[in-house]
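Working notes, structure below.
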């Protein structure tokens, strides 16, 4: 299956987790992947894996919360490949804080990366996606759909991504650009497994957001992302697709 043959896809967060899995999946289906991450060593490793498998990819370091960095990133993609077919926004950060102890700078950092960063990439990419009739796939979360204990900042950022994606979908539907979200839950990634919890965290509350079938790897989300970004998702826009093993069923 070569759904991305002769197509260019920009993937943020490509150094690890769902972003890396998405870059590998899209490259395996023939896409040229512009791999973006703040961690340049990690994203170079992703590109090396793709190249080693005979795929096409380039690495670019970018702080998605910085407007100039984002604009330079998208411009570098266009200069490298000449076009852009899809944008996959998977860059993000997660932390848990008791809401009563949440520091404003921690709140702002999560909003800046997860929400503002997603907007900046969408805004910079849209002129090129209009040219290609392309699509956007953003990372929301089950935290955008149900309460996440000690996750008020993360939940707010992902709820904002979901609302923003729906707005873009409506605004650009008649102009040929689609926009959708994936809402992962209970996925084993470094971002999740390496997280620090508040000392007084109630883990009984955390149990209510675990999947019925057990946690899975990021590749299960990457498969859905590839579908949404490809022509297989041609009549899907403004949707949030849960990939969470029945967590919210």
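Numbering (the numbering used here), first residue to last: 1077 to 1325.
Each residue gets a CB set at the ideal place from its N, CA and C atoms; glycine is no exception.
As the structure is a prediction and not an experimental result, all values here were calculated from the model.
State yes or no: is the C-beta of residue 1101 within less than 7 Å of the C-beta of residue 1298?
-> Against a cut-off of 7 Å, the Cβ pair of residue 1298 and residue 1101 comes out as a contact.
Alpha-carbon spacing of residue 1295 relative to residue 1088, whole angstroms | When rounded, the distance between both Cα atoms is 16 Å.
Start-to-end residues for the beta strand (DSSP E) that takes in residue 1318 | For residue 1318, the enclosing beta strand (DSSP E) has its first and last residue at 1316-1319.
Hey, could you find the ends of the beta strand (DSSP E) residue 1160 is sitting in?
-> Residue 1160 -> no beta strand (DSSP E), and no H or E assigned at all.
Three-state class that DSSP yields for residue 1084 in the structure shown | Reduced to three states, the DSSP call for residue 1084 is strand.
Could you pull out every residue in the same chain whose Cβ sits closer than 8 Å to the Cβ of residue 1177, ignoring the five residues on either side in sequence?
-> Only 1274 meet the Cβ criterion.
Are residue 1111 and residue 1129 touching if we call contact CB-CB under 7 Å?
-> Not in contact: residue 1111 and residue 1129 (Cβ atoms no closer than 7 Å).
Simplified DSSP assignment, three categories, for residue 1149 | When secondary structure is reduced to three states using DSSP, residue 1149 falls in the helix class.
Identify which residue in 1319, 1324 and 1162 has its Cα closest to the Cα of residue 1222.
-> Residue 1222 has its Cα closest to that of 1324, out of 1319, 1324 and 1162.
Spatially closest choice to residue 1234 from 1166, 1090 and 1144, by CA coordinates = For residue 1234, the nearest C-alpha among the options comes from 1166.
What are the boundary residues of the alpha helix (DSSP H) that residue 1236 is part of?
-> For residue 1236, the enclosing alpha helix (DSSP H) has its first and last residue at 1228-1248.
Does the beta-carbon distance from residue 1191 to residue 1236 come in below 7 Å?
-> In this structure, the beta-carbon distance from residue 1191 to residue 1236 falls below 7 Å.
Could you say if the region 1205-1212 and the region 1224-1234 meet the contact criterion of at least three C-beta pairs nearer than 8 Å?
-> Contact between the region 1205-1212 and the region 1224-1234 is absent: fewer than three C-beta pairs spanning the two stretches fall below 8 Å.
Contact under 7 Å by Cβ, residue 1316 with residue 1238 | With respect to the 7 Å criterion, residue 1316 and residue 1238 are classified as neighbours on the basis of their beta carbons.
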